[in-house]
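Going down the list, the protein sequences come from chains A and B.
Quick note on our numbering: the first sequence kicks off at 89 and runs consecutively.
Quick note on our numbering: the second sequence kicks off at 89 and runs consecutively.
I have placed the structure first, in the form of structure tokens, so that the comments after it can refer back to it.
Protein chains: 2
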Amino acid sequence: MRSYGEYCAIAKSLDVVGDRWTLLVVRELALRGACRYTDLRNGLPGIASNLLAERLRDLEAAGVVEREEAPPPVAATLFRLTARGEELRPVLDGLMRWGLPLMTEQGEGEAVRSHWLVGALAQMLVDEQPGGPAVALELQVAAEPIAIELRGGSVEIGVGPLEGPDAILSGPPRPVMGLLLGLIELPEAEADGVGFTGDPAILDRVGARAVSVGRGARDGE
Amino acid sequence: MRSYGEYCAIAKSLDVVGDRWTLLVVRELALRGACRYTDLRNGLPGIASNLLAERLRDLEAAGVVEREEAPPPVAATLFRLTARGEELRPVLDGLMRWGLPLMTEQGEGEAVRSHWLVGALAQMLVDEQPGGPAVALELQVAAEPIAIELRGGSVEIGVGPLEGPDAILSGPPRPVMGLLLGLIELPEAEADGVGFTGDPAILDRVGARAVSVGRGARDGE
DNA sequence: CAGCATCCGCTTTGATACTG
DNA sequence: CAGTATCAAAGCGGATGCTG
Chain A
89 MRSYGEYCAI AKSLDVVGDR WTLLVVRELA LRGACRYTDL RNGLPGIASN
139 LLAERLRDLE AAGVVEREEA PPPVAATLFR LTARGEELRP VLDGLMRWGL
189 PLMTEQGEGE AVRSHWLVGA LAQMLVDEQP GGPAVALELQ VAAEPIAIEL
239 RGGSVEIGVG PLEGPDAILS GPPRPVMGLL LGLIELPEAE ADGVGFTGDP
289 AILDRVGARA VSVGRGARDG E
Chain B
89 MRSYGEYCAI AKSLDVVGDR WTLLVVRELA LRGACRYTDL RNGLPGIASN
139 LLAERLRDLE AAGVVEREEA PPPVAATLFR LTARGEELRP VLDGLMRWGL
189 PLMTEQGEGE AVRSHWLVGA LAQMLVDEQP GGPAVALELQ VAAEPIAIEL
239 RGGSVEIGVG PLEGPDAILS GPPRPVMGLL LGLIELPEAE ADGVGFTGDP
289 AILDRVGARA VSVGRGARDG E
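Next comes the structure, spelled out in structure tokens:
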């Protein structure tokens, strides 16, 4: 990227991570840990292959990413965040929080990956009956299932299947998120293609932290 | 900007503020409050006029910025952050903290504005003798002076002149910052063009919080 | 197959000039 | 002051091909 040429900490950060796709490459490595080139491509649908290679090169030169050549028989190149790269987490967190209100918007034909959602869900969800029994809820909104476990007032969220979940929520991401956020009710969600099996009371158990929506809408244009 | 087309809170934030210059426009409004178009241009040296106009239009449509037509005799258009725009401060803070270690780098021919530095200085500086008498130090590194006041263990920093400062530190921004950070000593700074008037003990009074430098260096390229 | 490099059409940006 | 107009240059997206 062309430098902004400003003696300003924010501008200097953006000189490094302000390019298109760059922060999303960091997101992938932050959310999934060490990745192969191919894994990164899968987590960044739409990126041109040469751009990914260039971003990785630039991030390596900036000390944000390092590569590790795994020896045979694996014979793969692994990319991971350096300590300096890990320090970008507060920036990613800030962007994630700010973007939460936008998750209720349309998104015709948007790509979805389960690991993109775990952070957002962790921000949003609270156990509204902390004293209740442990409950396990599985979300099926992308290729990988998402596990949500409520236990003793704490909410744990991760990518991967649950053994014998108490309920399964499946369907298009937006109505599923809307349901979990309490913006719509189950019948309305089902009309939008959401499937639910299990005790509906579980849905009352998971509540949404107030997401201060300043309004994400665009009026002009 | 072309949307990333991802159902991900981070990607959706970047759909709004990920364009080149966009976050720097927000920075200007966050640091300086309501601004006129001309003030913004001055705070964003190098931006093309049409780009600034386009970014402001996009940010307004996204609900981040609002414009206010001041009535005559002022007869100026003022741009300010909306509540939703103010919520980007954590993102700006994160980028500023991450960029602090980069402030020690070269920067041949970089532009400087005093208001860019107050946040960074506020992050860095601590009063190392909290019980000492109140001390006022003025920095002259850009058009506007920067006021640093140590009083009762607290450090206050702002743009503007001081009345009868106890010391004045002037010269190129990088050695001045290096001196305040404790990376170099006064004689070395003076060799780099820094001027200092007042009691040198004052420089021992202002200490630097540990800026965890992961290393900002580039090795390749 | 993993990890790129090359080529090409299109979009965005940069620099400057001009206008109500 | 607050923009719009213009146009060259750089960056990006998509396809394809190469190499270990």
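Glycine is no exception: its CB is placed at the ideal position from the N, C-alpha and C atoms.
Next item on the list: Using 10 angstroms around the beta-carbon of B:LEU183, count the other beta-carbons present and answer buried if the total reaches 16, otherwise exposed.
Entry: Looking up residue 183 of chain B in the second sequence gives position 95. When all chains shown are included, B:LEU183 counts as buried.
Item checked: A:ILE98 versus A:GLU273 - alpha carbon distance -> To locate residue 98 of chain A, count along the first sequence from 1; it is residue 10. To locate residue 273 of chain A, count along the first sequence from 1; it is residue 185. About 42 Å.
Notebook entry, point to check: What does B:ARG168 reach in chain A if we use C-beta pairs closer than 7 Å?
Noted result: In the second sequence, residue 168 of chain B corresponds to position 80, counting from 1. Within chain A, no residue comes near B:ARG168; the closest Cβ sits about 14 Å away, beyond 7 Å.
Next item on the list: In angstroms with no decimal places, state the Cα-to-Cα distance between A:GLY136 and B:LEU144.
Entry: Walking along the first sequence from the start, residue 136 of chain A turns up at place 48. Walking along the second sequence from the start, residue 144 of chain B turns up at place 56. According to the sequence displayed, residue 136 of chain A carries Ala and not Gly. Taking the straight line from one Cα to the other gives about 29 Å.
Checklist line | Strand pairing of B:THR285, partner residues [DSSP] | finding: Numbered from its first residue, the second sequence carries residue 285 of chain B at position 197. Partner(s): B:ILE256.
Margin query: Measuring only the C-alpha atoms, how far is A:PRO159 from A:GLU116?
Written below: Working through the first sequence from its first residue, we reach residue 159 of chain A at position 71. Working through the first sequence from its first residue, we reach residue 116 of chain A at position 28. Roughly 23 Å separates the two Cα atoms.
Notebook entry, point to check: Is DSSP giving B:GLU156 helix, strand or coil here?
Noted result: If you number the second sequence from 1, residue 156 of chain B lands on position 68. Three-state DSSP puts B:GLU156 in a strand.
Item checked: Start and end residues, alpha helix (DSSP H) containing B:GLN228 -> Locating residue 228 of chain B in the second sequence gives position 140, where the first residue counts as 1. Counting along the chain, B:GLN228 falls outside any alpha helix (DSSP H), though it belongs to the beta strand (DSSP E) covering 223–228.
Checklist line | Contact the stretch 176–192 of chain A vs the stretch 175–191 of chain B: 3+ CB pairs below 8 Å | finding: They touch, by the three-pair rule.
Checklist line | As assigned by DSSP and simplified to three states, the class of A:THR170 | finding: Along the first sequence, one-based indexing puts residue 170 of chain A at 82. Three-state result, A:THR170: coil.
Checklist line | DSSP state of A:ALA97 mapped onto helix, strand, coil | finding: For this step, residue 97 of chain A is matched to residue 9 along the first sequence. Helix.
Margin query: Is B:GLU309 close to chain A? Criterion is C-beta to C-beta, closer than 7 Å.
Written below: Position 221 of the second sequence, counting from 1, holds the residue named residue 309 of chain B. With a pLDDT of only 31 at B:GLU309, under the threshold of 50, the placement of this residue in the model should not be trusted, and no figure is reported.
Next item on the list: Mind checking who A:ALA235 pairs with in its DSSP beta bridge?
Entry: For the purposes of this step, residue 235 of chain A is taken as residue 147 along the first sequence, with counting starting at 1. DSSP, once it has assigned bridges, lists A:GLU226 and A:GLY246 as partnering A:ALA235.
Margin query: Going by DSSP in three states, B:ASP215 sits in which element: helix, strand or coil?
Written below: Working through the second sequence from its first residue, we reach residue 215 of chain B at position 127. Residue state, collapsed to three classes: strand.
Item checked: Distance between B:GLU193 and A:SER258 (C-alpha atoms, nearest Å) -> Within the first sequence, numbered from 1, the residue matching residue 258 of chain A stands at position 170. Within the second sequence, numbered from 1, the residue matching residue 193 of chain B stands at position 105. Cα to Cα, A:SER258 sits roughly 51 Å from B:GLU193.
Checklist line | Exposure of B:PRO275, with buried meaning 16 or more beta-carbon neighbours within 10 Å | finding: Counting from 1 along the second sequence, the entry for residue 275 of chain B is found at position 187. The residue in question, B:PRO275, is exposed, as its Cβ has fewer than 16 Cβ neighbours within 10 Å.
Margin query: Closest to B:GLY220 by C-alpha separation, out of B:VAL105, B:ILE290, B:LEU140 and B:LEU128, would be which residue?
Written below: As a working note, residue 220 of chain B is residue 132 in the second sequence. Nearest option by C-alpha distance: B:ILE290.
Note to self: Give me, in chain order, the residues of the same chain whose beta-carbon lies closer than 8 Å to that of A:ALA122; leave out the 5 immediate sequence neighbours on both sides.
What the structure shows: Within the first sequence, the letter at position 34 stands for residue 122 of chain A. Once the five neighbours on either side are set aside, the close Cβ partners of A:ALA122 are GLU156, LEU166, PHE167 and ARG168.
Notebook entry, point to check: According to DSSP, which residues form a beta bridge with A:THR165?
Noted result: The count along the first sequence starts at 1 and reaches residue 165 of chain A at position 77. A:GLU157, per the DSSP bridge assignment.
Notebook entry, point to check: Taking A:PRO261 as the reference, which of A:GLY131, A:SER202, A:GLY207 and A:VAL229 has the closest Cα?
Noted result: Reading the first sequence from its first residue, position 173 is the one you call residue 261 of chain A. Selected option, being the one with the closest Cα: A:VAL229.
Checklist line | Beta-carbon contacts of A:MET89 that lie in its chain and below 7 Å, excluding the five residues immediately before and after | finding: Here the question's residue 89 of chain A lines up with position 1 in the first sequence. Once the five neighbours on either side are set aside, the close Cβ partners of A:MET89 are ASP103, GLY106 and ASP107.
Notebook entry, point to check: What number of angstroms, rounded off, separates the C-alpha of A:ALA296 from the C-alpha of A:GLU216?
Noted result: On the first sequence, position 208 is the one that residue 296 of chain A refers to. On the first sequence, position 128 is the one that residue 216 of chain A refers to. Each residue's alpha carbon lies about 9 Å from the other.
Check: Does DSSP put B:GLY207 in a helix, a strand or coil?
Finding: Your numbering for residue 207 of chain B matches position 119 in the second sequence. In the structure shown, B:GLY207 sits in a helix (DSSP, three-state: H, G or I).
Notebook entry, point to check: Do you know whose CA, among A:VAL294, A:LYS100, A:CYS96 and A:ASP280, lies nearest A:VAL243's CA?
Noted result: Walking along the first sequence from the start, residue 243 of chain A turns up at place 155. Closest option to A:VAL243, Cα to Cα, is A:VAL294.
Item checked: Coarse secondary structure for B:ALA136, derived from DSSP in three states -> Here residue 136 of chain B is taken as the residue at index 48 of the second sequence, counted from 1. B:ALA136: coil per DSSP, three-state reduction.
Notebook entry, point to check: Would you call B:ASP287 buried or exposed, if buried means 16 or more other Cβ atoms sit within 10 Å of its Cβ?
Noted result: For this step, residue 287 of chain B is matched to residue 199 along the second sequence. Exposed: under 16 other Cβ atoms inside 10 Å.
Notebook entry, point to check: Can A:GLY131 and A:ARG201 be called in contact, C-beta distance under 7 Å?
Noted result: Walking along the first sequence from the start, residue 131 of chain A turns up at place 43. Walking along the first sequence from the start, residue 201 of chain A turns up at place 113. Yes. Within cutoff.
Note to self: Check for me: the alpha helix (DSSP H) holding A:ALA296 runs from which residue to which?
What the structure shows: The residue given as residue 296 of chain A occupies position 208 in the first sequence. Element bounds for A:ALA296: not the alpha helix (DSSP H) but the beta strand (DSSP E), 294–296.
Notebook entry, point to check: Using Cβ-Cβ distances below 9 Å, what residues of the stretch 174–188 of chain A are close to chain B?
Noted result: GLU174, GLU175, LEU176, ARG177, PRO178, VAL179, LEU180, ASP181, GLY182, LEU183, MET184, ARG185, TRP186, GLY187 and LEU188
Check: What is the DSSP secondary structure of A:ARG124, counted as helix, strand or coil?
Finding: In the first sequence, the residue the question calls residue 124 of chain A occupies position 36. Strand, per DSSP.
Next item on the list: Measure the alpha-carbon distance for B:GLY270 versus B:ASP292 and round it to whole angstroms.
Entry: Here residue 270 of chain B corresponds to residue number 182 of the second sequence, with the count starting at 1. Here residue 292 of chain B corresponds to residue number 204 of the second sequence, with the count starting at 1. Each residue's alpha carbon lies about 9 Å from the other.
Notebook entry, point to check: What residues in the stretch 196–210 of chain A have a beta carbon less than 8 Å from any beta carbon of chain B?
Noted result: GLY197, GLU198, ALA199, VAL200, ARG201, TRP204, LEU205, GLY207 and ALA208
Checklist line | B:GLY151 versus B:VAL114 - alpha carbon distance | finding: If you number the second sequence from 1, residue 151 of chain B lands on position 63. If you number the second sequence from 1, residue 114 of chain B lands on position 26. Their backbone Cα atoms lie some 12 Å apart in a straight line.
Check: chain B beta carbons: is any one of them nearer than 7 Å to that of A:SER101?
Finding: In the first sequence, residue 101 of chain A corresponds to position 13, counting from 1. Taking Cβ atoms only, chain B reaches closer than 7 Å to A:SER101, which makes this a yes.
Item checked: Beta carbon proximity, B:ALA141 to chain A, threshold 7 Å -> Here the question's residue 141 of chain B lines up with position 53 in the second sequence. No, its Cβ sits nowhere closer than 7 Å to a Cβ of chain A.
Checklist line | Those residues which DSSP pairs with B:ALA199 across a bridge | finding: Start at 1 with the first residue of the second sequence, and residue 199 of chain B comes out as number 111. In DSSP, B:ALA199 forms a bridge with A:GLU94.
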